[in-house]
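Chemist: Here's a structure for you.
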Amino acid sequence: MSDFLGWGAIGIVLAIPIVFGVVGIATRRRHHAGDATAPSSAGLLGFDELFHPSAHNARIAWEAEREIPAPAPTPDKGPGVIDASGKIVIEVSE
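In numbering that gives the first Met the number 0, the protein residues as written are 0 to 93.
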């Protein structure tokens with residue numbers, strides 16, 4: 000069993016540069032052919048987490064900031080006012 004795991008690890012290590020080479024060649028051919036669509040790079044983002052953690056953390060922060068909703072107005076500040084009777088008045092400037 001240890002021989003199988005050892006050879007498997009060696010095979011994976013040797014296959015990684017081949018995969019990167021094939022992806023690079025395919026991207027270059029697509030670029031020269033005039034294809035403007037961006038290829039999917041989701042499978043390669045896992046390498047960012049291992050070999051460049053600060054880039055991975057920056058990507059997570061960027062995605063979180065992109066999904067933050069706009070802040071709602073508070074009762075005492077902003078374009079809306081809640082009076083004592085419970086009525087909500089929203090003022091819109093034109």
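Here a beta-carbon is modelled for each residue, glycine too, at the ideal position from N, C-alpha and C.
Considering Ala57, what are the terminal residues of the alpha helix (DSSP H) in which it resides?
Modeler: Counting along the chain, the alpha helix (DSSP H) containing Ala57 begins and ends at 52 to 65.
Chemist: Taking Glu48 and His55 to be in contact with their CB atoms under 8 Å, please state how far apart those CB atoms are, rounded to whole angstroms.
Modeler: 4 Å
Chemist: By how many angstroms is the C-alpha of Pro68 removed from the C-alpha of Ala57?
Modeler: 19 Å
Chemist: Considering only DSSP beta bridges, list what Ile9 is partnered with.
Modeler: Its beta-bridge partners do not exist; DSSP assigns none.
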